[in-house]
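Working notes, structure below.
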Amino acid sequence: MAFNGLTTIPTGPKVARSAADAVCDIPSGASLAVGGFGVAGVPDTVIAALVDRDVTGLEVVSNNCGAGGHGLDLLLTQGRIRRMIASYVGENKEFARQYLAGELEVELTPQGTLAEKLRAGGAGIPAFFTPAGVGTPVSAGGLPWRYASDGSVAIASPPKEIREFAGRRYVLEESISTDYALVHALVGDTEGNLVFNKAAQNFNPVAAMAGRVCIAEVEQLVDAGDIDPAQVHLPGIFVDRIVYSGPQHKHIEKRTIRTGGEGRS
Numbered sequence: 001m002a003f004n005g006l007t008t009i010p011t012g013p014k015v016a017r018s019a020a021d022a023v024c025d026i027p028s029g030a031s032l033a034v035g036g037f038g039v040a041g042v043p044d045t046v047i048a049a050l051v052d053r054d055v056t057g058l059e060v061v062s063n064n065c066g067a068g069g070h071g072l073d074l075l076l077t078q079g080r081i082r083r084m085i086a087s088y089v090g091e092n093k094e095f096a097r098q099y100l101a102g103e104l105e106v107e108l109t110p111q112g113t114l115a116e117k118l119r120a121g122g123a124g125i126p127a128f129f130t131p132a133g134v135g136t137p138v139s140a141g142g143l144p145w146r147y148a149s150d151g152s153v154a155i156a157s158p159p160k161e162i163r164e165f166a167g168r169r170y171v172l173e174e175s176i177s178t179d180y181a182l183v184h185a186l187v188g189d190t191e192g193n194l195v196f197n198k199a200a201q202n203f204n205p206v207a208a209m210a211g212r213v214c215i216a217e218v219e220q221l222v223d224a225g226d227i228d229p230a231q232v233h234l235p236g237i238f239v240d241r242i243v244y245s246g247p248q249h250k251h252i253e254k255r256t257i258r259t260g261g262e263g264r265s
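Numbering (UniProt numbering), first residue to last: 1 to 265.
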């Protein structure tokens, strides 16, 4: 099977006419699970369409919050995001500034725990126990969620239940489900079956599962049945809308180069 090239764009009941149509009903105050890892596999097309709408007060769940004018950074810099649940700040200085200035509420979560919270939400599991974070403020509470303007902690994380199993302590983590999910895939068919590329498989599948309405942008759109079932990473049952984005520019979050003869023997 070849995924390359389209003479005509396939159509189907899940295929949106445009990214704008796909996000037209997302209201202010909505919660979003957004795929991507760093700047890899980020649904830039549907995020840009959401930026064009007058929506504010968003609660976003994502591994990070974009960087350098890409991805979620577009919403962040316009003050559209009220609360972030993420695992790290990364290279986004505006994310750090808003958090420390008390303009943005941030719930920092261990990366593996965040992925499992999303997966559990999509699977209908309300909560689970994990050893990650036991003995730290993650379980004991006190992590700053929002700072006051004077630098004091306005809202802190609450303590979580600890239980012992087979002599080891575990913390109870609640699952996450959101109003919408925005994800990016390399290939999708008209029924919503998706194939992700490399690092894009990290958070996109679980974000898609967690959203009550999942909007997936795909670089290559094919007819139903054209994807070998063994190659499907996420079945179409989790996907509600498909947006054909075409091939996307691959961003580099931080470029490091070597000059001259450095490092050579």
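Idealized CB from N, CA, C, for every residue including glycine.
Euclidean distance between Cα positions of residue i and residue j
| i | j | result |
| --- | --- | --- |
| Ser157 | Gly122 | 24 Å |
| Arg168 | Gly135 | 12 Å |
| Leu6 | Glu107 | A caution first: Leu6 carries a pLDDT of 49, below 50, which makes its placement in the model unreliable, though a value can still be read off. If you take the alpha carbons of Leu6 and Glu107, they lie about 42 Å apart. |
| Arg82 | Arg241 | 25 Å |
| residue 354 | Val187 | In the structure as shown, the chain begins at 1 and stops at 265. Residue 354 is therefore absent and cannot be evaluated. |
| Ala127 | Ala120 | 7 Å |
| Val23 | Ala115 | 24 Å |
| Glu91 | Thr190 | 36 Å |
| Thr256 | Val153 | 36 Å |
| Gly142 | Glu59 | 21 Å |
| Ala48 | Gln78 | 12 Å |
| Glu103 | Arg146 | 8 Å |
| Glu173 | His70 | 30 Å |
| Gly223 | Leu100 | According to the sequence as given, residue 223 is Asp; it is not Gly. Roughly 48 Å between the two C-alpha positions. |
| Gln248 | Ser149 | 40 Å |
| Pro131 | Ser175 | 15 Å |
| Val46 | Gly133 | 34 Å |
| Ser28 | Thr113 | 27 Å |
| Lys117 | Phe129 | 11 Å |
| Ile26 | Gly36 | 20 Å |
| Val89 | Pro144 | 14 Å |
| Leu221 | Gly246 | 8 Å |
| Arg17 | Gly38 | 28 Å |
| Arg80 | Thr8 | 36 Å |
| Gly151 | Thr259 | 42 Å |
| Ala185 | Ser87 | 22 Å |
| Asp21 | Ala96 | 32 Å |
CB contact flag (residue i, residue j, <8 Å)
| i | j | result |
| --- | --- | --- |
| Ile85 | Thr56 | no |
| Val213 | Tyr244 | no |
| Leu74 | Gly68 | no |
| Val195 | Val232 | yes |
| Ala19 | Glu217 | yes |
| Glu94 | Ile155 | no |
| Gly236 | Asn204 | no |
| Leu32 | Val61 | yes |
| Asn63 | Gln98 | no |
| Leu234 | Ala207 | no |
| Leu72 | Val34 | yes |
Coil, strand or helix - residue i by DSSP
| i | result |
| --- | --- |
| Gln111 | helix |
| Ile162 | strand |
| Phe203 | coil |
| Glu116 | helix |
| Leu186 | strand |
| Gln248 | coil |
| Gly121 | helix |
| Gly211 | strand |
| Ile242 | strand |
| Asp150 | coil |
| Ile155 | strand |
| Pro144 | strand |
| Val60 | strand |
| Asp21 | helix |
| Val138 | helix |
| Asp179 | strand |
| Leu194 | strand |
Between the segment 8-16 and the segment 163-177, can you find at least three pairs of beta-carbon atoms closer than 8 Å?
No contact exists between the segment 163-177 and the segment 8-16.
Does the segment 33-45 come close enough to the segment 184-202 that 3 or more CB-CB pairs lie under 8 Å?
Yes, the segment 184-202 touches the segment 33-45.
Give a yes or no on contact between the segment 211-225 and the segment 174-188, applying the rule of three or more CB pairs nearer than 8 Å.
Judged by Cβ distances under 8 Å, the segment 211-225 makes contact with the segment 174-188, as three or more pairs qualify.
So, do the segment 136-149 and the segment 226-241 have three or more beta carbon pairs nearer to each other than 8 Å?
The segment 136-149 vs the segment 226-241: no contact.
Any chance you could list the alpha helix (DSSP H) runs of at least 4 consecutive residues sitting entirely within the segment 77-112, in chain order?
93-100, all fully within the segment 77-112.
Scan the segment 23-56 and note each continuous beta strand (DSSP E) run of 3 residues or more that stays entirely inside, going in chain order.
Runs of the beta strand (DSSP E) inside the segment 23-56: 31-34.
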